[in-house]
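For reference, the structure is listed below as structure tokens.
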Ligand code: PEP
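Numbering (full-length UniProt numbering), first residue to last: 7 to 264.
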């Protein structure tokens, strides 16, 4: 065992209204129960749109589900005159355990750089939530053979200002952009190469406790049929799942990879 609890997080992106959200979480709970899922063995997290979170909270609390939930983004600001933004305190109050920051779709379509991602990660942690910090290279960078350097630079920038103790509690997600939503999954060896490099960099900068504690996820076209090979890799501690997380059976199968 790697000594870290594996984490499966389902990023719904901009899909499912609050009524559909309840249906999916209920189905997922039934699927996991049928599969005799052990939540202490693999943590399960859903990451719905903001407008679904209150409904998910009510369901999870009411049915005492062990499924956890998080948000897809958070404001860099604490509070105030920032129209359209959602604060970390609001998400924490709703019971969010996690916040995804720096997803490649935020980096690409909303021009988020490492400085913004870093500020969001700090906001999340300051309110007691765990940031899931996303990094990953595009196809051009991969083809140029610069993927490791690219991801390590994103890790350096996105994790700036955290103590070693804090880094040990974080989640980093390696998501090669060319594998997101394309059906083209990275090979287990590709995933391992970058995840190991990320842990190595954290070991170099923050020491053994941080490196051995931080959980590093792979994301990009993960399905029930390909999850086992990825999870067998030494430095992969879970998956960030997009498309496949919208189907209870498929995501349930991913969570029950063991
Ligand atoms: C993602 O967006 O985080 C992702 C991994 O998407 P998909 O699983 O659909 O490739």
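Even for Gly, the Cβ is constructed at its ideal location relative to N, Cα and C.
Could you check where the alpha helix (DSSP H) with residue i kicks off and where it finishes?
{"i": "residue 158", "result": "153-164"}
{"i": "residue 242", "result": "Careful: residue 242 lies outside any alpha helix (DSSP H) and carries neither H nor E."}
{"i": "residue 237", "result": "233-237"}
{"i": "residue 255", "result": "254-261"}
Using the Cα positions of residue i and residue j, report the straight-line distance between them to the nearest angstrom.
{"i": "residue 11", "j": "residue 119", "result": "29 Å"}
{"i": "residue 210", "j": "residue 61", "result": "42 Å"}
{"i": "residue 239", "j": "residue 48", "result": "16 Å"}
{"i": "residue 141", "j": "residue 115", "result": "15 Å"}
{"i": "residue 246", "j": "residue 213", "result": "25 Å"}
{"i": "residue 41", "j": "residue 143", "result": "35 Å"}
{"i": "residue 189", "j": "residue 182", "result": "12 Å"}
{"i": "residue 83", "j": "residue 93", "result": "7 Å"}
{"i": "residue 91", "j": "residue 135", "result": "17 Å"}
{"i": "residue 203", "j": "residue 158", "result": "8 Å"}
{"i": "residue 31", "j": "residue 250", "result": "14 Å"}
{"i": "residue 199", "j": "residue 192", "result": "11 Å"}
{"i": "residue 150", "j": "residue 184", "result": "13 Å"}
{"i": "residue 24", "j": "residue 218", "result": "37 Å"}
{"i": "residue 256", "j": "residue 121", "result": "35 Å"}
So residue i and residue j are in contact, right, with Cβ under 8 Å, and what is the actual spacing, rounded?
{"i": "residue 68", "j": "residue 105", "result": "That belief does not hold up - the Cβ atoms of residue 68 and residue 105 are roughly 23 Å apart, past 8 Å."}
{"i": "residue 139", "j": "residue 175", "result": "Residue 139 to residue 175, Cβ: 12 Å. No contact."}
{"i": "residue 102", "j": "residue 59", "result": "7 Å"}
{"i": "residue 265", "j": "residue 13", "result": "With the chain covering 7 to 264 only, the question about residue 265 has no answer from this structure."}
{"i": "residue 260", "j": "residue 241", "result": "18 Å between Cβ atoms; not a contact."}
{"i": "residue 147", "j": "residue 153", "result": "6 Å"}
{"i": "residue 65", "j": "residue 80", "result": "Actually they are not in contact, since the Cβ atoms of residue 65 and residue 80 sit about 22 Å apart, beyond 8 Å."}
{"i": "residue 164", "j": "residue 124", "result": "5 Å"}
Looking at the secondary structure, which residues open and close the beta strand (DSSP E) in which residue i lies?
{"i": "residue 96", "result": "No beta strand (DSSP E) contains residue 96, which is instead part of the alpha helix (DSSP H) from 94-99."}
{"i": "residue 22", "result": "That residue, residue 22, is in no beta strand (DSSP E); it is neither H nor E in DSSP."}
The ligand MG heavy atoms versus the CB of residue i: any closer than 8 Å?
{"i": "residue 185", "result": "The model on display carries the ligand PEP but not the ligand MG."}
Is any beta-carbon of chain D found at less than 9 Å from that of residue i?
{"i": "residue 244", "result": "No chain D appears in this structure, which consists of one protein chain only."}
**Message:** Three or more C-beta pairs under 8 Å: does that hold for the segment 231-241 against the segment 252-264?
**Reply:** yes
**Sequence ranges, beta strand (DSSP E) only - wholly within the segment 141-222, length at least 3** = 177-180
**Secondary structure, beta strand (DSSP E): runs of 3+ residues fully inside the segment 50-127** = 74-77, 104-107
**Request:** Evaluate the contact criterion for the segment 51-58 versus the segment 11-30: three or more CB pairs, one atom per stretch, below 8 Å.
**Result:** yes
**Message:** Check whether the segment 129-136 and the segment 166-181 are in contact - that is, three or more C-beta pairs closer than 8 Å.
**Reply:** yes
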